[in-house]
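Novice:
Residue numbers (the working numbering): 1 to 492.
(1) Quick check: the region 21-37 against the region 214-234, are there 3 or more CB pairs under 8 angstroms?
(2) Does the region 392-407 touch the region 275-295, meaning 3 or more C-beta pairs lie closer than 8 angstroms?
(3) For residue 506, is the classification buried or exposed, using 16 other Cβ atoms within 10 angstroms of its Cβ as the cut-off for buried?
(4) Using only the alpha-carbon positions, how far apart do residue 379 and residue 235 sit?
(5) List the endpoints of the continuous beta strand (DSSP E) containing residue 4.
(6) Rounded to whole angstroms, what is the Cα-Cα separation between residue 468 and residue 176?
(7) Span of the alpha helix (DSSP H) holding residue 369?
(8) Count the C-beta pairs between the region 364-375 and the region 287-296 that are closer than 8 angstroms, then say yes if the count reaches three, no if not.
(9) With the cut-off set at 8 angstroms, would you say residue 318 and residue 142 are in Cβ contact?
(10) Can you have a look at residue 358 and say buried or exposed, based on whether 16 or more other CB atoms are within 10 angstroms of its CB?
(11) Can you name the start and end residues of the alpha helix (DSSP H) that residue 12 belongs to?
(12) Just curious, the beta strand (DSSP E) that residue 100 is in, first and last residue?
(13) With C-beta atoms as the reference, is residue 6 less than 8 angstroms away from residue 329?
(14) For the beta strand (DSSP E) holding residue 342, just list the boundary residues, first then last.
(15) Count Cβ pairs between the region 381-400 and the region 245-259 that sit closer than 8 angstroms; are there 3 or more?
(16) Does the distance from the C-beta atom of residue 204 to that of residue 184 stay below 8 angstroms?
(17) How big is the Cα-Cα spacing for residue 10 and residue 431?
(18) Rounded to whole angstroms, what's the CA-CA distance from residue 130 to residue 188? Just pull it up for me.
(19) If you pair each beta-carbon of the region 250-259 with each one of the region 295-303, do three or more pairs fall below 8 angstroms?
(20) Output the distance between the C-alpha atoms of residue 499 and residue 270, rounded to the nearest integer angstrom.
(21) Measure how close the beta-carbons of residue 133 and residue 103 come, nearest whole angstrom, since I'm counting them as under 8 angstroms.
(22) Taking all protein chains shown into account, decide if residue 224 is buried (16 or more other Cβ within 10 angstroms of its Cβ) or exposed.
(23) Is the region 91-109 close to the region 412-431, with three or more CB pairs under 8 angstroms?
(24) Return the chain-ordered list of same chain residues with a C-beta closer than 7 angstroms to the C-beta of residue 43, the five sequence neighbours on each side being excluded.
(25) Please classify residue 474 as buried or exposed, where buried requires at least 16 neighbouring CB atoms within 10 angstroms.
(26) Can you give me the C-alpha to C-alpha distance between residue 66 and residue 396, rounded to a whole angstrom?
(27) Enumerate, from N- to C-terminal direction, the unbroken alpha helix (DSSP H) stretches of 4 or more residues contained entirely within the region 150-223.
(28) Within the chosen definition, does the region 270-281 reach the region 323-338 through at least 3 CB pairs nearer than 8 angstroms?
(29) By the three-class DSSP mapping on this structure, what secondary structure does residue 252 have?
(30) According to DSSP, is residue 65 part of a helix, a strand, or is it coil?
(31) How about the region 63-82 and the region 120-127: do they share at least three Cβ pairs that are nearer than 8 angstroms?
What follows is the structure, given as structure tokens:
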């Protein structure tokens with residue numbers, strides 16, 4: 001399988017090179033030209049363990065690596081790092097199934113991919129004969145930063161710099177990042193929101209490529225965001241895991257469709273579900289769940305993407321995003337028209353708005369459903385599910401749960417529903433505690449302790465004692481200073 005830029009049919013690379021580069025040099029994202037012609041035995045995966053599934057799926061999507069090579073990389077990435085060998089267990093909550101993606105080393109869904117990406121990056125570096133040091137450059141809306149730094153901590157031949165929005169992540173998420181150990185890791189707050197940080201990162205890639213700013217320095221840039229195909233591909237695995245669990249539990253028969261509800265900000269997690277569908281998995285509807293920043297809901301309803309709107313800080317901050325980067329890959333895969341995608345992305349950059357053609361909108365309608373849930377709905381969902389089922393959700397999962405109920409009411413003929421749970425409730429303890437009818441003060445670490453006492457749900461080991469860890473990273477910069485900051489880090 002050859003990867004190409006979403007904006008240029010002539011810019012093609014191997015999967016290893018795509019992982020190494022992170023972004024295409026023309027500003028596009030690397031994508032398979034198509035997944036429809038991929039010969040893949042999806043039914044053969046159902047009896048396998050999660051790690052065995054990962055080997056089959058990743059070697060198919062990233063064919064620079066043989067199954068034997070991928071098996072070694074998967075073992076290195078996952079063994080002993082998650083609470084369960086299944087990695088992403090499923091739990092029945094009422095008539096729905098919750099796919100728990102937060103059982104990894106940083107209690108967020110990003111762990112599944114960001115445990116894998118460092119070993120893929122190292123292997124790709126060797127495969128491509130690259131001797132330069134890889135400087136990983138990443139913007140985070142909360143969870144990617146910690147998971148990426150933990151994954152790349154002290155990995156030879158790599159350094160990582162993470163930017164997060166100042167005041168735009170939860171105190172627990174911030175504490176996880178600023179206390180991260182490792183001689184090769186660095187994190188800085190950026191004054192602004194996630195879109196400011198993400199746009200700044202993209203500008204750095206563009207300026208470094210255009211002006212050759214790192215030539216001769218023995219350093220090259222890559223990314224740990226889901227703009228990197230090596231970050232996106234591992235997320236495909238847990239859709240197969242969830243489906244196999246439903247078959248094993250007698251909830252469905254092999255071949256029955258399943259609908260997946262995904263709390264969505266940057267569109268990477270839900271795009272992984274579309275990849276799974278294109279690989280043969282009987283995915284029915286992919287339901288895009290947004291918070292008050294409901295730009296994706298509006299887009300999927302109207303075909304118009306308009307980022308010129310108010311930005312809201314919500315209790316589900318990892319979804320506080322107005323520019324969803326991975327949507328570009330979906331538009332390319334559906335349209336097979338790189339020129340169209342280039343035109344749409346140019347309009348987004350210049351005016352903040354684009355409209356997809358009617359034919360493309362019709363394709364979106366066949367696969368996707370979208371709805372949103374504000375902070376009040378999020379709070380009500382957390383309390384309701386706890387009282388009714390004794391299941392504790394974080395704020396992002398609660399958005400998805402609320403949207404799942406909206407979807408089922410609007411579409412009575414729906415398939416069985418799987419809700420993706422993307423973070424531990426202990427990453428947002430004050431909001432969760434208040435949703436249970438308790439009072440939370442401004443100290444999120446006291447809220448953690450209180451939440452554990454009230455619910456009896458164990459606090460994850462990686463979050464216990466977080467308050468007392470030494471702060472190692474204190475930088476706060478403006479978006480205009482990001483390029484200088486990176487060039488300084490690259491020169492050290």
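Even for Gly, the Cβ is constructed at its ideal location relative to N, Cα and C.
Specialist: According to the data block:
(1) yes
(2) yes
(3) Nothing about residue 506 can be reported from this structure: the residues present for the chain run from 1 to 492 only.
(4) 28 angstroms
(5) 3-5
(6) 11 angstroms
(7) Where residue 369 is concerned, there is no enclosing alpha helix (DSSP H), although the beta strand (DSSP E) it sits in stretches over 368-372.
(8) yes
(9) yes
(10) exposed
(11) That residue, residue 12, is in no alpha helix (DSSP H); its beta strand (DSSP E) goes 8-13.
(12) 96-100
(13) yes
(14) It is not in any beta strand (DSSP E) - residue 342 instead sits in the alpha helix (DSSP H) that spans 338-351.
(15) no
(16) no
(17) 48 angstroms
(18) 28 angstroms
(19) no
(20) Because the chain in this structure spans residues 1 to 492, residue 499 falls outside the shown range and cannot be described.
(21) Their Cβ separation, rounded to whole angstroms, is 32 angstroms, which puts residue 133 and residue 103 out of contact at 8 angstroms.
(22) buried
(23) yes
(24) 254
(25) exposed
(26) 36 angstroms
(27) 171-178 and 194-211
(28) yes
(29) coil
(30) coil
(31) yes
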